[in-house]
Amino acid sequence: MAAEHPVLARHGLTMWGYIVLGVLHVEPRSSQAALAEGIGADKTRIIATLDALQADGLITREPDPADRRARILSITPAGRRAREGAHDEIQRNEERLLAHLSEADRHGFLRAAEVLSSLPAAQILTGPDAG
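For the sequence shown, our numbering begins at 3 and goes up steadily by one.
(1) Measuring from the CB of V22, is there a heavy atom of the ligand GDP at a distance below 7 angstroms?
(2) Does the stretch 82–93 come close enough to the stretch 9–22 to have 3 or more Cβ pairs within less than 8 angstroms?
(3) With burial defined as no fewer than 16 other Cβ atoms inside 10 Å of the residue's Cβ, what is the status of A88: buried or exposed?
(4) Quick check: the Cα distance between V25 and L37, rounded to an integer number of angstroms?
(5) Using the beta-carbon count (16 or more within 10 Å), is L99 buried or exposed?
(6) Go to T62, then tell me how far its beta strand (DSSP E) extends in each direction, as first and last residue.
(7) Counting only runs that start and end within the stretch 7–67, where is the alpha helix (DSSP H) found for 4 or more residues in a row?
(8) Taking just the CA atoms, how far does P122 sit from G133?
(9) What is the DSSP secondary structure of S104, reduced to helix, strand or coil?
Written out as C-alpha cells, the structure is:
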C-alpha cells in the first residue's frame, strides 16, 4: 500500500476511490448498497468517497428507476482514465519488483498470493484470538 499511495495521489485518487472505480470498471452500474457490500465497506462510511468521486467527475449517481431512494453508480470516461492510469502505473511497479525474483519464485509467490486472496472473508478474519 505504501508504494500505491503516491501513485494514486498522482491520479487524484484515494485507496477507497481506486477500489470503487475498479468495481465500477468491471460492473459499470451498481447500487451504493451493493457496492459497499462488495468491497466490505460500511454503506454510510463510503458516502464521502462517492461524494469526492462524483465531485471530481469520476462517477455518476442517478436515482434507480425501480427504487427512487436508491442510487445507481456508473464510472465516467474521466473515471475510467484515472483508474486505468493508476492501474497501469501500479502494474509497472509490481513488474519491476517481481523482476527481482527467479521465474520459479515469482510463479510460487503469485500462486500463493492468488490462493490467499481468494479465501472467504470469514476465514481471513478468524484468527487464533477470534472468539
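Every residue gets a Cβ at the ideal spot worked out from N, C-alpha and C, and that includes glycine. Given the structure is predicted, the values throughout are model-derived calculations rather than measurements.
By the coordinates alone:
(1) As for the ligand GDP, it is missing from this structure, which has no ligand bound.
(2) Yes: at least three Cβ pairs fall under 8 angstroms.
(3) buried
(4) C-alpha separation (whole angstroms): 8 angstroms.
(5) exposed
(6) From DSSP, the beta strand (DSSP E) with T62 extends over I61 to D66.
(7) 17–28, 34–41 and 49–57
(8) Residue placement at G133 is flagged as unreliable, the pLDDT there being 46, under the threshold of 50; a coordinate-derived value is accordingly withheld.
(9) coil
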